[in-house]
Amino acid sequence: SQQGEEDPQALSIQEGENATMNCSYKTSINNLQWYRQNSGRGLVHLILIRSNEREKHSGRLRVTLDTSKKSSSLLITASRAADTASYFCATYTTGGFKTIFGAGTRLFVKA
Amino acid sequence: DTEVTQTPKHLVMGMTNKKSLKCEQHMGHRAMYWYKQKAKKPPELMFVYSYEKLSINESVPSRFSPECPNSSLLNLHLHALQPEDSALYLCASSHPGLAGGPDQETQYFGPGTRLLVL
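In order, the protein sequence lines correspond to chains A and B. Mapping of the first sequence onto my numbering: position 22 corresponds to residue 22, and the numbering continues sequentially without gaps. Numbers given in my numbering equal positions in the second sequence, counted from 1, plus 111.
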């Protein structure tokens with residue numbers, strides 16, 4: 001199985017609701033990042049959280065990191081139809097060159 | 112300028128063809144990446160150049176050959192591909208870490224080249 005497993009695989013919510021996605025990983029990391037991808041296009045960086053940080057905010061996004069549980073969560077508050085996309089976590093492993101993406105969560109926000 | 116450009120946007124090629132994908136960035140990034148992404152799957156890292164030094168994912172077949180002519184350009188040469196190589200190929204760039212290795216700071220992705228191998 002790969003570093004960066006995410007759940008749920010798919011999430012459907014109403015506009016205005018909050019969306020929470022989770023990511024788990026297996027090895028020590030330097031940092032963890034969240035990306036968004038619309039319809040098979042390029043990925044857009046959302047937020048980076050370092051291994052010594054526990055929580056970070058950016059606009060409607062809130063990311064937490066629990067290194068003891070090797071997990072992270074992404075919360076999108078007050079979701080909009082434009083938030084419909086796939087969301088991936090990505091970890092960079094300590095001492096290596098590898099960036100490993102999680103399986104991703106497909107979010108659908110209904111207007 | 113925070114843009115990574117990729118050409119072509121779409122490519123259809125036969126299994127005996129030789130083609131190249133191109134990627135360019137002008138953000139002064141010294142790390143550039145090639146990813147392969149199949150439908151409904153996450154991107155998989157193929158190659159990394161950091162300060163023009165190559166790191167390879169050992170599982171990538173030799174029919175894929177990367178080239179970094181300078182710090183702004185990245186090519187992926189394709190030869191004798193198979194139908195299962197059909198995918199979205201993404202290029203990205205970032206600032207490498209202080210040690211010269213590709214410490215993962217924010218990666219900026221291009222829009223990708225959608226490749227179909229017949």
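Virtual Cβ for every residue (Gly too), placed ideally from N, Cα, C.
- Residues of chain A with a Cβ closer than 8 angstroms to the Cβ of Tyr219 (chain B) are, in chain order, His45.
- In the DSSP secondary-structure assignment, Ala198 (chain B) is bridged to B:Leu226.
- For Cys202 (chain B), the closest alpha carbon among the candidates B:Pro194, B:Asn186, B:Ala150, B:His190 is that of B:Asn186.
- Nearest CB-CB separation between Gly223 (chain B) and chain A: below the 8 angstroms threshold.
- Taking 9 angstroms as the Cβ-Cβ cut-off, the region 134-165 of chain B approaches chain A at Tyr144, Tyr146, Gln148, Ala150, Lys151, Lys152, Pro153, Pro154, Glu155, Leu156, Val159, Ser161, given in chain order.
- Contact of Ala103 (chain A) with chain B is assigned, a C-beta pair being separated by under 8 angstroms.
- Listed as beta-bridge partners of Gln37 (chain A) by DSSP are A:Leu43, A:Ser86.
- Beta-bridge pairing by DSSP links Tyr146 (chain B) to B:Leu156, B:Leu201.
- For Leu74 (chain A), no chain B residue has a Cβ inside 8 angstroms of its Cβ, as the nearest lies near 15 angstroms away.
- Residues of chain A with a Cβ closer than 8 angstroms to the Cβ of Leu201 (chain B) are, in chain order, Gly42, Leu43.
- A direct Cα-Cα distance of roughly 14 angstroms separates Thr64 (chain A) from Glu6 (chain A).
- Chain B places no beta carbon closer than 8 angstroms to that of Lys56 (chain A), leaving this residue out of the contacts.
- Phe88 (chain A) reaches chain B at Pro153, Pro154, counting residues in chain order whose Cβ is nearer than 8 angstroms.
- Residue B:Gln148 holds the alpha-carbon nearest to the alpha-carbon of Arg225 (chain B) among B:Glu169, B:Gln148, B:Gln218.
- Straight-line measurement puts the Cα of Gln14 (chain A) at about 43 angstroms from the Cα of Ser161 (chain B).
- With contacts defined as CB atoms closer than 8 angstroms, Gln218 (chain B) and His45 (chain A) qualify as a contacting pair.
- For Ser72 (chain A) against Gln37 (chain A), the beta-carbon gap comes to about 17 angstroms, at or over 8 angstroms, which does not count as contact.
- Beta-bridge analysis with DSSP links Leu189 (chain B) to B:Lys130, B:Phe175.
- Around the beta carbon of Leu132 (chain B), a 10 Å sphere encloses 16 or more other beta carbons of the protein chains shown; the residue is thus reported as buried.
- The Cβ-Cβ distance between Arg106 (chain A) and Ala19 (chain A) does not fall below 8 angstroms.
- When secondary structure is reduced to three states using DSSP, Ala103 (chain A) falls in the coil class, being assigned neither helix nor strand.
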